[in-house]
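Protein chains: 2
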Amino acid sequence: MLSLHQLTCFLATYEHGSLTAAAEELGYAQPSVSEQIRALEKSLGVQLFRRVGRGVVPTTVADTLRPHAERTLAAAEDTRRAAQQVARFETGTIRFGMFGIARLYAGAGLVADVLARHPGVRVELVGQNSAGVQEDLRRGRLEAAMIAIPQVHSEGMSVTPVAKDEIVYISSDPERLRSPVTARQLGNATLVMPDTTWRAEDSVRIAVRSWLHSSGLNPQTRIEVEDPEIAVELVGMGLADSVIPRGAAEQLLPRLAPNAGWVSFRPKIHDVFAIVHRAGATLSPAAQLMIEIATRRIQAVAQPV
Amino acid sequence: MLSLHQLTCFLATYEHGSLTAAAEELGYAQPSVSEQIRALEKSLGVQLFRRVGRGVVPTTVADTLRPHAERTLAAAEDTRRAAQQVARFETGTIRFGMFGIARLYAGAGLVADVLARHPGVRVELVGQNSAGVQEDLRRGRLEAAMIAIPQVHSEGMSVTPVAKDEIVYISSDPERLRSPVTARQLGNATLVMPDTTWRAEDSVRIAVRSWLHSSGLNPQTRIEVEDPEIAVELVGMGLADSVIPRGAAEQLLPRLAPNAGWVSFRPKIHDVFAIVHRAGATLSPAAQLMIEIATRRIQAVAQPV
DNA sequence: GGACAACATAGGTATCTCCTAGGGAAGCCG
DNA sequence: CGGCTTCCCTAGGAGATACCTATGTTGTCC
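Quick note, the sequences are listed as chains A and B, same order. With my numbering as the guide, the letters of the first sequence map in order to residues 1 to 305. With my numbering as the guide, the letters of the second sequence map in order to residues 1 to 305.
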């Protein structure tokens with residue numbers, strides 16, 4: 001069986017023209033190198049050195065094989081170097097899951113932070129929907145993710161809340177922003193809600209629904225859209241009001257609905273963001289890095305817990 | 001310590017997405033592959049697979065490393081293939097020593113024969129002078145050679161005569177070719193002799209000198225040249241006679257001195273060609289090939305012994 | 001001819017590699 | 001929901017390997 005060690009011994013011997021010198025360079029005893037060369041010759045079925053009295057002389061076969069051996073060792077060294085570079089975040093890919101409103105107002109900053117600290121890496125911020133992220137985590141395709149809590153099927157998952165964001169009512173009618181919104185008021189409101197496709201798993205909707213249920217009321221959603229941006233624009237046009245996390249409101253309102261504002265619920269409702277990964281897993285340095293940066297980013301726009 | 005075996009296990013596992021499947025493909029038990037992967041991860045300092053419940057999932061590090069591992073294994077396979085091609089004479093270099101008049105009239109044919117049988121090989125037919133050939137043999141730089149015998153310092157050398165060639169007298173004076181030349185006649189002749197530089201070791205000269213010494217005479221050499229061709233041309237011009245092996249005479253006279261001819265000595269003198277290599281050495285297939293072809297070639301122009 | 005230098009050989013030990021056997025977790029299915 | 005299967009891990013042991021030191025052999029140099 002051909003081995004890198006044999007090739008190393010071969011090259012050292014070839015270059016020094018001596019087993020003893022090669023052994024000295026490699027830090028072995030002379031018989032060890034001798035044995036490796038013999039094993040290599042047997043493995044390849046060719047004679048590499050003529051044992052001539054005192055000393056060894058490379059055969060023409062050795063001349064022919066030398067560049068191949070060098071290329072092989074160089075490729076191995078290259079493999080090792082690539083691994084080290086990845087370990088140091090000088091290159092490689094960092095994959096992280098992030099779903100929902102969190103990605104909307106922390107995603108770009110998160111990617112920017114990672115690229116600023118590690119310019120050589122590729123970043124993959126995945127997560128089309130909550131179920132997909134959870135499936136990826138469960139199957140091991142994702143190591144860690146940040147998601148809003150209510151939707152977590154947490155068997156075997158480690159869930160660490162890192163921030164909570166108040167859920168607020170937004171409207172372009174100043175009248176409705178005068179005082180905190182009650183369940184009754186919300187029940188009577190005309191609403192536009194985003195994330196239609198994932199409405200059943202959307203943490204904001206789940207939080208609001210359970211909040212309303214305790215008052216015996218049902219939410220009334222008049223308009224369903226996918227993008228939070230569109231929902232906010234519709235609020236700006238006065239066609240409906242909406243319910244979104246406060247961080248999103250503060251980011252989107254000035255840009256998309258300057259005449260609108262937000263107001264708390266009474267009692268207040270919160271959305272909680274958490275880091276999720278498989279329970280019992282040892283997190284890789286890359287995952288730890290992403291968790292650290294994502295946490296810092298989300299805590300810049302939501303309250304730390 | 002990184003090893004090719006570890007890389008093989010890594011690639012098999014990566015491609016199958018399973019340690020068990022990889023082990024089956026490689027013909028090992030599953031724990032063996034598992035151990036190799038673990039050793040590779042430790043050696044590189046990175047995690048290559050996430051152990052997730054049943055099954056393993058490659059990390060992004062594994063994605064990054066895979067092409068490097070493939071290149072390394074390909075280079076190793078390339079090394080092995082090169083060795084096999086050399087062993088089958090499909091490529092590589094064949095080096096052989098040949099000195100003196102033998103090369104002159106068997107060298108080109110020898111090279112042609114080798115190239116005809118093994119079109120891919122490089123051929124080196126070395127031997128500027130007898131002493132150099134012997135030194136190369138002794139030092140191991142040459143594995144085997146064909147040389148004329150008298151000059152062999154045979155300690156530690158295996159000498160196998162394969163052909164003998166009569167040494168003849170050449171002249172453009174028909175009078176001198178009438179009957180075999182005696183020692184007295186040779187002592188009175190005006191001679192041109194080739195191989196000036198190596199005159200002390202030239203087998204023809206040694207043979208002739210000892211032949212003359214038994215008659216108490218000394219050779220008279222009027223002209224010294226390097227090339228046998230020039231000596232023969234001078235003979236053709238009638239400026240001197242010469243003494244060369246019959247094989248050389250038959251090849252050179254028609255071309256360079258059509259009006260000249262040759263005649264034996266009385267008693268006859270012979271030059272013996274032998275295969276020489278280090279005693280006790282096991283000959284490589286390449287050397288055996290060259291010996292076989294060179295012997296056949298030389299026996300085509302000289303008498304086999 | 002004696003001293004030295006370089007490789008081969010021998011023998012012992014530690015490590016590595018591979019196996020079999022058995023345990024535990026996750027997924028599949030009745 | 002409980003049993004079965006699948007897949008990986010761990011443990012322990014046998015055989016091979018790699019390395020060492022000590023010694024023998026041979027060629028070289030003085």
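Beta carbons: idealized from backbone N, C-alpha and C, even for Gly.
1) Please state the DSSP three-state secondary structure of B/S171.
2) Going along the stretch 92 to 113 of chain A in order, which residues come within less than 8 Å of chain B, judged by CB to CB distance?
3) Can you check whether the CB of B/V192 is closer than 8 Å to the CB of B/V225?
4) Please report how far the alpha carbon of A/A108 lies from the alpha carbon of A/F96, in whole angstroms.
5) Would A/H16 pass as an interface residue toward chain B - the criterion being a Cβ-Cβ separation below 8 Å?
6) Using the C-alpha atoms, what's the distance from B/L142 back to B/D136?
7) Nearest CA to the CA of B/E155: which residue from B/P304, B/A300, B/G280?
8) Evaluate contact between the stretch 100 to 114 of chain A and the stretch 289 to 296 of chain A, counting only Cβ atoms and requiring at least three cross-stretch pairs below 8 Å.
9) Three-state secondary structure (DSSP) at B/K42?
10) May I ask you to list, following chain order, the residues of the stretch 117 to 143 of chain A that have a beta carbon less than 9 Å from some beta carbon of chain B?
11) Quick one: does B/H213 have its CB under 8 Å from some CB of chain A?
12) Indicate whether at least one CB of chain A lies closer than 8 Å to the CB of B/V159.
13) Mind checking the stretch 24 to 54 of chain B against chain A and listing, in chain order, the residues whose C-beta falls within less than 7 Å of any C-beta there?
14) Sorry if obvious, but does the Cβ on B/L40 come closer than 7 Å to a heavy atom of the ligand HEM?
15) Using the rule of at least 16 other Cβ atoms within 10 Å of the residue's Cβ for burial, across every protein chain shown, is A/E201 buried or exposed?
16) Going by alpha carbons, who is nearest to B/L186 out of B/Q128, B/H277, B/F265?
17) Could you tell me which of B/S179, B/S172, B/R199, B/T64 sits nearest to B/T190, measuring between CA atoms?
18) When you compare the CB positions of B/D227 and B/Y169, do they come within less than 8 Å of one another, or not?
19) How would you list, in chain order, the residues of chain B whose beta-carbon sits under 8 Å from the beta-carbon of A/V57?
20) Could one say the Cβ of A/L278 lies closer than 8 Å to chain B's Cβ atoms, at least one of them?
21) Output, in chain order, the set of chain A residues within a Cβ distance shorter than 9 Å of B/A145.
22) On a CA-only basis, which of B/I244, B/Q251, B/A257 is nearest B/V235? Give me that one, please.
23) Kindly indicate which residue of B/T221, B/G140, B/G100 has the alpha-carbon position closest to the one of A/G17.
24) When you compare only the Cα positions, how much space is there between A/S43 and A/M1?
25) Taking 8 Å as the CB-CB limit, is B/A22 close to chain A?
26) Please state the DSSP three-state secondary structure of A/D165.
27) Below 8 Å, can you find three or more Cβ-Cβ pairs linking the stretch 118 to 127 of chain B to the stretch 74 to 81 of chain B?
28) Under the rule that 16 or more other beta-carbon atoms within 10 Å means buried, what is B/G127, buried or exposed?
29) Return the Cβ separation of A/H277 and A/S158 in integer angstroms, given the expectation that the two are a contact with Cβ distance under 8 Å.
30) How about A/I269 and A/A102: do their beta carbons lie closer than 8 Å?
31) Is B/L2 close to chain A? Criterion is C-beta to C-beta, closer than 8 Å.
32) Going by DSSP, what residue range makes up the beta strand (DSSP E) through A/H270?
33) So, at 6 Å on beta carbons, what are the nonlocal neighbours of B/R246 in its own chain, with the 5 sequence-adjacent residues on each side left out?
34) Looking at the structure shown, is B/M290 part of a helix, part of a strand, or coil, going by DSSP?
35) Kindly give me the distance between the Cβ atoms of B/T60 and A/G92, rounded to whole angstroms, as I take these residues to be in contact under 8 Å.
36) Which of the residues in the stretch 63 to 81 of chain A, read from start to end, lie with their CB under 7 Å from any CB of chain B?
The answer reads as follows:
1) strand
2) G92, T93, I94, R95
3) yes
4) 13 Å
5) no
6) 5 Å
7) B/G280
8) yes
9) helix
10) R122, E124, R138, R139, G140, R141, E143
11) no
12) no
13) L44, G45, V46, Q47, R50, V52
14) Absent from the structure shown: the ligand HEM. Ligands present: none.
15) buried
16) B/F265
17) B/S172
18) no
19) R139, G140, R141
20) In the sequence under discussion, the amino acid at residue 278 of chain A is Arg, which differs from the Leu named in the question. Yes, A/R278 counts as interfacial toward chain B.
21) Neighbours of B/A145 on chain A: none; closest Cβ ~14 Å, over 9 Å.
22) B/A257
23) B/G140
24) 6 Å
25) no
26) strand
27) no
28) buried
29) 5 Å
30) no
31) yes
32) 269 to 278
33) D165, E166, V168
34) helix
35) 6 Å
36) D63, T64, L65, H68, A69, R71, T72, A75, A76, D78, T79, R80
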